[in-house]
Amino acid sequence: MKFIKFLLVGIFFGIVLVKSEAVSWFRIYEMFRFQSFHMYGIIGSAIAVGVAFLQLSKRSHIKTIQGADLFVPKKDKVITRYIVGGIIFGLGWALIGACPGPMYILLGTGVWSMLIVIAAAIVGTFIYGLLKNKLPH
Amino acid sequence: MEHILNPWPWYISGPLIAIVMALLLYFGKTFGMSSNLRTLCAIGGAGKFADFFKFNWKDQLWNLTVVLGTIIGGFIAVHYLSNDSGTTLNPTTITELQSMGFETPGKALVPAEMYGLEAIATPKGLILLIVGGLLVGFGTRYAGGCTSGHAITGLSSLQVPSLIAVIGFFIGGLIMANFILPLIF
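As given, the protein sequences belong to chains Z and L, one line each in that order. When the first sequence is numbered by the working numbering, its final residue is 145 and no position is left out of the sequence of numbers. When the second sequence is numbered by the working numbering, its final residue is 192 and no position is left out of the sequence of numbers.
Here it is, written out as structure tokens:
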């Protein structure tokens with residue numbers, strides 16, 4: 009039963025991303041062509057509310073359900089992996105119009121060919137795992 | 008009801024995405040969708056080939072449950088919470104895409120010219136989806152996160168590494184949408 013809350017969060021997330029059109033291939037294209045404010049508005053307002061929430065949680069000592077402080081893992085302070093990995097991801101994102109959340113959501117909307125993309129993404133992650141120690145981070 | 012069935016404006020959608028992040032933090036977890044790809048590798052036995060996949064994937068089952076939820080959420084959203092309004096794109100975008108051979112931009116969530124059965128039955132169509140998937144899977148793990156982990160969670164917690172990653176996302180996306188897609192279509 010402890011998983012039910014995660015299932016509900018996932019359902020909520022899936023609905024929001026479809027209704028916001030953030031899962032639309034066309035919206036992603038439009039964003040990268042600077043032809044609409046829509047996606048920038050979504051990402052920007054999500055971050056604005058996210059920043060406010062995290063600042064507030066620090067000040068008012070909001071605890072997790074386990075009673076610990078809210079914790080956001082710190083990313084390593086390097087550059088190469090973020091810029092190179094980021095560019096590779098960005099190329100794929102704009103090509104298929106879906107990032108690792110929308111892939112599954114679009115599958116749920118009935119885009120069956122997304123299974124090909126998901127399978128390829130799993131293979132891509134596997135390739136990274138094989139090459140990890142040889143890549144500059 | 009009309010408001011729910013129509014597409015939601017950005018100023019409603021963005022804050023709702025922040026709530027997803029906040030809820031997961033409140034449950035003691037972190038919002039990050041691309042981690043699931045690594046978990047799926049581990050479940051498939053990738054630990055035999057690389058230490059990167061040797062971890063207790065059972066600790067990640069909560070995140071796979073989120074994934075299952077997103078699939079259900081996608082189903083609910085299109086079948087019960089939508090009308091046939093389509094996506095209201097910039098007219099310039101529509102003209103541009105039509106000139107590239109996309110017949111009905113914005114009518115569906117994804118172009119039939121890429122995701123339709125006829126498209127994936129051609130070598131070009133199949134290769135595009137595979138290459139795109141490979142880039143996303145490899146790139147997110149190399150970058151240590153995707154839109155949810157870096158752009159939403161990382162930037163909300165004011166982390167410079169995430170800002171660098173998001174700049175990378177945009178460099179890649181701009182190159183693809185502005186220079187490579189016009190060559191492909």
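The beta-carbon is built from N, C-alpha and C at its ideal position, and this holds for glycine as well.
### C-beta neighbour in chain Z for residue 107/L, strict 7 angstroms
False, the Cβ-Cβ gap to chain Z never drops below 7 angstroms.
### Task
Verify whether the separation of the beta carbon atoms of residue 30/L and residue 17/Z is less than 7 angstroms.
Yes, Cβ-Cβ distance for residue 30/L and residue 17/Z is below 7 angstroms.
### Cross-chain neighbours of residue 142/Z in chain L, by beta carbon under 7 angstroms
Result: empty, since nearest Cβ-Cβ is about 11 angstroms, beyond 7 angstroms.
#### Entry: Backbone secondary structure at residue 83/Z - three-state DSSP
coil
### Query
For residue 154/L and chain Z, any beta-carbon pair shorter than 7 angstroms?
Yes - at least one Cβ of chain Z is within 7 angstroms of the one on residue 154/L.
### Message
Would residue 163/L pass as an interface residue toward chain Z - the criterion being a Cβ-Cβ separation below 7 angstroms?
### Response
yes
### Query
Do you know whose CA, among 38/L, 17/L, 53/L, lies nearest residue 135/Z's CA?
53/L
### Task
Could you work out which residues of chain C lie near residue 69/L, taking near to mean beta carbons separated by less than 7 angstroms?
Among the chains of the structure shown, chain C does not appear; the protein chains present are Z and L.
### Task
Check whether the Cβ atoms of residue 50/Z and residue 93/L lie closer than 7 angstroms to each other.
no
### Task
Return the chain-ordered ranges of every alpha helix (DSSP H) run that is complete within the stretch 117-175 of chain L and spans a minimum of 4 residues.
119-122, 124-127, 130-150
### Query
By Cβ distance below 8 angstroms, which residues in the same chain neighbour residue 36/L in space, the five residues on each side in sequence not counted?
69, 70
### Query
Do you know how far the Cα of residue 60/Z is from the Cα of residue 10/L?
27 angstroms
### Query
Closer than 7 angstroms, CB to CB, is residue 88/Z near chain L or not?
By this cut-off, residue 88/Z is not an interface position.
### Message
Buried or exposed for residue 86/L, going by 16 or more other Cβ atoms inside 10 Å?
### Response
exposed
### Query
Mind pulling the chain L residues with CB within less than 7 angstroms of residue 46/Z?
Neighbours of residue 46/Z on chain L, chain order: 17.
### Interfacial residues, the stretch 64-87 of chain Z to chain L, with Cβ spacing under 9 angstroms
So the close ones are 65, 70, 71, 72, 73, 74, 76, 78, 79, 80, 81, 82, 83, 84, 85, 86, 87.
### Message
Going by DSSP, what residue range makes up the alpha helix (DSSP H) through residue 110/L?
### Response
Unbroken run through residue 110/L: none, as it is neither H nor E.
### Message
At the level of alpha carbons, what is the spacing between residue 80/Z and residue 83/L?
### Response
30 angstroms
### Query
For residue 185/L, which residues in chain Z fall below 8 angstroms Cβ to Cβ?
40, 41, listed in chain order.
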